[in-house]
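A short write-up of the structure that comes next.
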Amino acid sequence: MSIPDENGPLYLLSLDGGGIRGVSELVMLDCIMRRLQKKKGLDELPKPCDYFDLIAGTSTGGLIAILLGRLRMTTQEALDAYDDVAETLFSRSNRKYLAKSQFKSTTLEDVVKEIVAQRSSSDLLKYQDKDEQKGKAFVCAIDEKELGAIHRLRTYNIDGTSDEGLKDCKVWEAARATTAAPLNFKPMTIQRDSDKTTYIDAALGYNNPVEQLLEEAGNIFHSKRTLGAIVSLGTGTRKLGLASPEDVNGLGYGLSIVATLKNETTDTERPHKRLQAKFKKFPNTYFRFNVPDGADEVKLAEWRKMGELKKLTTDYIGNEAVDQEINDLVEVLSKRKTAGLTLGHICLLDSKQLLMNSHLAQHMGTSSNFFTGRTKVLESLEDRFFLREPGERGRREFLICGMGGAGKTQIALKFVETKAKLLFKRCFWIDATDGATAQEGYQEFASEAFPDKEVTTVSMAAVQKWMADLDEEWLLVLDNSNEENMRQFVPPGNTGNIIYTSRRHNLAASLQPEWVAEVNDMEPEDAITLLLRTAGHIPYNRELRAEASPVVAELGCLPLAIDQAGAYIRRMGGSLSDYLALFKSQRQRLLQDPDFKGLLRDPRFKGTDPRNQAVYATFDISYNALREIAHEHEGSVKGEDARNALKILRLICFYHNDTLVLEMFDRASIWGERVAPKLNYPLGKGKDALDNLIAVRDNVWDSNPVMFGLMVLEDFSLVKWDHYRLHVSMHVLVHDWALTSIGKKDMARLAGYAKAILFGSISYDTHVESYRFHRRIYPHVEACLRRANMSQEDTRAQAGYQMKLGTLYEQSGQFESARDAFHKSIGLWKTERGPDDHLTLRAMSLLASLEKADGKLGEAAFVLLQILELRQMRIDDLSSRQDKRNPEDLKRQARRGVESDDDEQLLKRLRLKSAMDWAQLAVVYMGQSHLDAAEHAMLQTVEIRKAVAPETAAWAERHLTKIRLARAQDATYNLDDSPRADSRRSVEDARASLAEAIEEHGHDHRDTIRALGALAKAEMDAGNGEAAEEIAKEFARRCTEVYGEDGRKTLAAIELYSKVLQHNEQHIDAAGMRTLILTYSQRTLGIYHPDTIEALLKLGVGLGFQGRFEEAVIIATRAVELLEGIHGATHRAVLSFRKTLEIVKSNAARATPNTRRQMARDALRKYHEHGGGDHYVVDDDFVDRWANVVHLSMFWPTGIGEPEEVYFAERPPVVNSVVVAEEEEQQARPTQQELPLDRESLADEFA
C-alpha cells in the first residue's frame, strides 16, 4: 500500500505500555486535542484518528490505539471507556488466586466485545471505510515461543505480508493479545485452521513501540512522503540507577549491576533517547511526553490510584516547558507544518537503532509482493517436507536448480514464508556464495545457538554442530550453492532439512530425482500475470493479457526479466507494445556488443542458458532510461536522483552483491572530509564525481544523494532493500551485468572510486561499533580486491589502502595477511614520503603492535627500535632548524603573542610519540623477561614527558614504579588494558568506575566493558564469588559480541571467567572454558604462540583440581617444554611455568586415592549443582575412572574436540629472537623455595 505524495505530511502517534498508567497517555492526548479544538475554533472535540495517519501501541497502549484508531473515539470517550475497563479488570472480584496470572482474561474479552458492539457494525480488526485514509492502527504482541519475534496486528491490509492468517482477527482478540502481560493475564492463542500462535504482550523489548511505528510507516507509505511529527506518549518514567552499596550486601550489589545492564528491556526511555538524539537538529518533529517517576508512584494494576495519576499528569502538563512543547505540537498539527524530512531520511536516520533492536534470528529477505505461479515446485516442496512423526529422523535434502533469473530464491522464500514456518521450529537462511558470506550468515543467528552461555558471535563450525544436535525439526536454505562449497556449509550428521538453490545442475547427482526441481521459465499465463502486476496494470484484463503475451514470449518467460520489464513500464509509462519494440531493438544492439559476447564466454557463465540475453537486454533498457532521465532533467531534483542512481550502480558492482552496508557511506564521509582532500584519493571530478555520495553538511553525512539514488534503483528493480533498509542487495545477474557494462576505459577509474569509499569507511580505532562494522564489511573488501587491481592506484593511495587492509586482517585474526599488508604499506610510504615521515612511522607502529599481538616479541622490539631511531632523526633535524633561527625575530614574535613556528608544536608532538614508543618497547621487553632493558625504556618515557608535557608524566612514573616493583618481587608485569593488568582494587572503586563509565559512555562503550571486567575481578578478590561469576559471565558475553569469539580481548575475558569459576570451585566448568580458550588460541594465534601454550598450562592445572593428576602433569610438562623451546630455559615466563609444574607434581605425589576420589567427587558435585549433568554419580568406581584415566577428552564442551592432543609430537624449534637495547647477558633470578603446596596455594598462583 502506498499513499501518494500529495496527501501532505505524515503524523504518527506512539503509545507505551504500562498497565492502568495508560490513563496518563489519554490525559495528555486529551489536553492536546482540546488545545487543538480551541486553536482551530472547532465546535466539537476533534478525534486523534482525524489527525494521525498511523497509531501504534503496546499492551495498555495497544488497547488505547484500538479505541482511538479502530473504534475512532474522541479522547473523552476513550477516557470514559478506559476508566470503566480498568475498574472492571483490576478490581478484587476479578482477581485470581493460586494461579499463574493474577486476573481473569475473560473479563477483558467481554468488556471489549461490549464496547465494539456499541461503536462498530463489525467485530473484525481489519475494518476500515474506503474514505478513511487516516487513523490506521496496529498493536504489538510477541509469540510466546519466539520472544524475539514482534507481531503487528493491524487494522489495515498490506499486500505480501505474513499476517494473512489474521485477516479475520477480531478486535477483542487483538486487545487480548497486546495486553497479555504474563503475570497479569494468561497468554492469548489465536488459531485459524492449522495456523496457531500464542501471544503475550510486547513489553519485553517493545514497551515503547515508536521504532516499530517508524518502521511500519516506511512499509506502508511512500518513501518520499514528508514527515510532519512523531508524537510519543509514555506511562511514566522510573528510576533505573544501581542499588546503593550501603543498602545491599556485596552479592546484592553485584547482581543489581548485571540486572541493570541486562534487564532494561521494558524501559521506554531508551528508544526515546535514541530518537531524541536523531531528531535534535530538526525542531518540532519529535515530541515525547512522559510523567517523571510516574511508574514509581503507581504500579501496573493499582486502579484505585488512577485519580492520583491523573493529578500527577495534570501537574506535569502545567510545567512551563511541557506547556510550551504542547503548544508547539498543536501549532504543527493545526498548520500541517513539516521540517522537510521524508520517510527515506528517517529510515537512514534510524538505521543503527533499528539494527540494534532487530531480533531476527537469521538474515533472510522477503518474497516479492508480486510473486506469481510456481505452484508445482511449491507443491513438490510441501509434499517432500511434510510434518514427520515424533522420533522420525533422517536428513531430507531438496535442490532447486535452474538458470540465473529463474526465481529460485523467490521460490525458497515463498515456501519458508507460507509453509516452512508451520512445519519447522527453526528456519535458517545462508548465502552460500562463498566462505565470507556463509560465515556472516551463520553469525546472524549464532546467538540463538548458545542462549545459556549468552554468546552472540560463534564460529560457523560451532553453530553447525549445534544445529546437528537439535532435537526439533529445522530447515536450512543454502542459497547460491555450488559443488565446491555445498558440503562445507552443511551441518554434520544426518538430521534436519536442507533446501539448496543453485545454477549448477550437477548438484543433482547426489539426490534422488524426486528431490530435485528444475526451474527455468514460467508458465506463459503466470508470466503474463506477473508482468501486468509488476507494471501496475490489472492482471486479468483480457486486452492487456493479449498485449502482454508477445512481450513475455520475447522475454523467455524468465521472472527476473519480466520483473525488470514491469518495473520499467511502471516507472516510465508507455504501453506494453512500446516496450516490446524497445526490447527487440536493445537486444539486437546487445548481441553486436563485443563486451557482451565476452561476458557470455566468461567461465562464470559456462553452461548458462542463452535466454539470459533477455535478462541483460532488460537491464540495458532500464540503464538507458536512467541515463535519459538524468540528461533530460538535468538541474532538477529528478535528474539529480537519476544521476546519483547511476553513480551508485557503477560503484556497488565492485562490492559483494549481497547485504551492502549503508553505514559504509556514513563512515566514509568522516574520512572524506578529514583525509581524502589531503591525500588526493580518487573520487572523480565534474558531474560524475562521487564526492557528493559522502558529502558532509553541518557535521553530519548528507544521506540524500545515496538514499534517493537507491530509491530510484529500487523503482527500476535493480536493487532490493532489506526489511529495515539497512542493507542493499542485487541479484547476481544484475551485479555481473553492471560490472560488465562498464567500458574498459572507465574500469580502472570506477574501481578507484569504489576502493576509495570502501577503504575510507575502515578506521584504525578500537571502538565497539568499528569492530562490528568491520566484520560486516569484510565480504565486500574481499570482493573489491578481486575486482579492482590495487596496483593501479598511485603510491599514496596504495599505501593507505594497505594500512587499512592490515588493520582489517588483524582484527579478523589473519596475522600473516596483516603482516604482508603492513610491510607493503611501509615500503610504499618510504618511497613516497621518506623513511622518517609520520605516515611511514605510523605503518611501522601498526606492524609492531601486530608482532606483539602475534607473540613475536623479538620482531616487535626490532621494529620499535627502528621507529625510535627514525623519529629521533626527525627530532634532531627540527631541533637544528630551530637553533639556526634569528633570536631577534623570535623575540618580536613573542612580543606580538605569535607562535614561534609550527616546528615547535610538531617537535612537541614528535617527542610525545617517542615517549609512547619507549613505553611500548618497555612492555615488549617485559614480555621477553629483560627487566633492566624494560626499566631503561620506561625511564626514557618518564624523562621525555617531564620535559615536554609535565602534566602527563605521572602516568609514566606510576608504570616505572610498577616495573621496579616487579623486579624486586620477581613478578611479571603487563601494560595491557585487560583486567589481568589491573592491580587489586577495592570493590567500591570498581563499582564507582563502572557507574561513571555507564553515565559517561553508555552500556556498549569499550570503557564500560573494561570497567565491567575490572569489577568482576574486584568482586572475586573480595571473596564475592557468586556476584563475580555473574559479572564475569556478562563481561565475557559483551567481549564476544564486540571482538568476536576468538578475539584476544574475548579470550582474556573468558580466562577471567574461568578464574572466577575456579575460585568458586566449579573446576569442570572452568576446565571447559579453558579448553575453549585453547581451541580459539590455536585457531587465531597458532599452536606455538606463548598465549596458546599458557592456555594449555592452565588447562592442565585445572584438571589437577578435579583429581585428574596424570593428565595435569602430562599437559603441564608439555607446556613447559614448548615454552622453553621458544624462549629458552632462563626466561622468566619459563621459570614461572616450571614453578607451577613443580606444584602440580608435588600435589600429584602427595594425593592419596581417597584424596583424588574426594577431589573428583567435589568437582562432579559442583558440576551437577550448576546444571552440568542430568544426575549426580557418587559411585566409587565411576569416580576412580574419572580421576585416573588419561583420555584428555571427558566433559569437554560439545563440539570442541581434543585440542591439546596436537602438542604431543616433536619439540618445536626456537622461533622468537631476542633483541635488547644493550646486549647484556640476562641472569636468571633464583626461584623461591618450594613449599608443601595444596590446592589453595596453586589457585593463588594463578589468581
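Residue numbering for the sequence shown follows this note's numbering, beginning at 506 and increasing consecutively.
Think of the CB as a built atom: it goes at the ideal place given N, C-alpha and C, for glycine as much as any other residue.
Check the C-beta distance from residue i over to residue j and give it rounded, since I have them as a contact under 8 Å.
i, j, result
"ASP1574", "HIS1464", "ASP1574 to HIS1464, Cβ: 35 Å. No contact."
"THR818", "SER529", "5 Å"
"LEU658", "LEU630", "6 Å"
"THR773", "GLY739", "5 Å"
"VAL736", "SER519", "7 Å"
With DSSP collapsed to three states, give me the class of residue i.
i, result
"LEU1172", "Contrary to the premise, residue 1172 reads as Arg rather than Leu in this sequence. Note: ARG1172 maps to helix in three-state DSSP."
"SER529", "helix"
"SER610", "helix"
"LEU1165", "strand"
"ASP976", "coil"
"SER519", "strand"
"ASP1203", "coil"
"ILE463", "Limits of the chain in this structure are 506 at one end and 1752 at the other, which puts residue 463 out of reach."
"SER737", "strand"
"LYS552", "coil"
"CYS1289", "helix"
"GLY524", "helix"
"ALA937", "coil"
"GLY1552", "coil"
"SER1222", "coil"
"ARG1401", "Note that ARG1401 scores a pLDDT of 42, beneath 50, so its modelled location is shaky; the value from the coordinates is reported in the next line. Of the three classes helix, strand and coil, the one that applies to ARG1401 here is coil, per DSSP."
"ILE1067", "helix"
"GLY896", "coil"
"GLY513", "coil"
"LEU1081", "helix"
"LEU846", "coil"
"ALA1454", "coil"
Whole angstroms are fine: how far does the CA of residue j sit from the CA of residue i?
i, j, result
"ILE1331", "THR1345", "6 Å"
"GLU945", "GLU1168", "16 Å"
"THR1622", "VAL1688", "25 Å"
"GLU1048", "ASP1031", "16 Å"
"ALA1348", "MET1308", "6 Å"
"ARG1496", "ALA1516", "8 Å"
"ARG1469", "LEU1290", "48 Å"
"MET965", "HIS1328", "31 Å"
"LEU904", "PRO997", "18 Å"
"LYS1418", "ARG1376", "9 Å"
"LEU1223", "LEU1156", "13 Å"
"ALA1537", "ARG1553", "16 Å"
"TRP1242", "SER1234", "14 Å"
"ARG1670", "ALA1654", "24 Å"
"LEU814", "PHE794", "14 Å"
"GLY896", "GLU902", "18 Å"
"VAL676", "LEU541", "29 Å"
"TYR1430", "HIS1632", "13 Å"
"MET1216", "LEU928", "36 Å"
"ALA1521", "ALA967", "27 Å"
"PHE1159", "ILE1282", "13 Å"
"LYS913", "GLY907", "7 Å"
"ASN662", "LYS672", "8 Å"
From the DSSP secondary-structure annotation, give me the bridge partner or partners of residue i.
i, result
"GLU902", "ILE1003"
"PHE794", "LEU738"
Report yes if the C-beta of residue i is less than 6 Å from at least one heavy atom of the ligand NAD; otherwise report no.
i, result
"LEU1566", "This structure lacks the ligand NAD, and indeed carries no ligand of any kind."
Self-check item: Any alpha helix (DSSP H) of 4 or more consecutive residues that is wholly inside the segment 1320-1348
Solution: As far as the segment 1320-1348 is concerned, its whole alpha helix (DSSP H) runs of at least 4 residues are 1320-1338.
Self-check item: Uninterrupted beta strand (DSSP E) stretches inside the segment 673-729 (no shorter than 3 residues)
Solution: 693-697 and 700-706
Self-check item: Any alpha helix (DSSP H) of 4 or more consecutive residues that is wholly inside the segment 1612-1680
Solution: 1614-1632, 1637-1655 and 1658-1674
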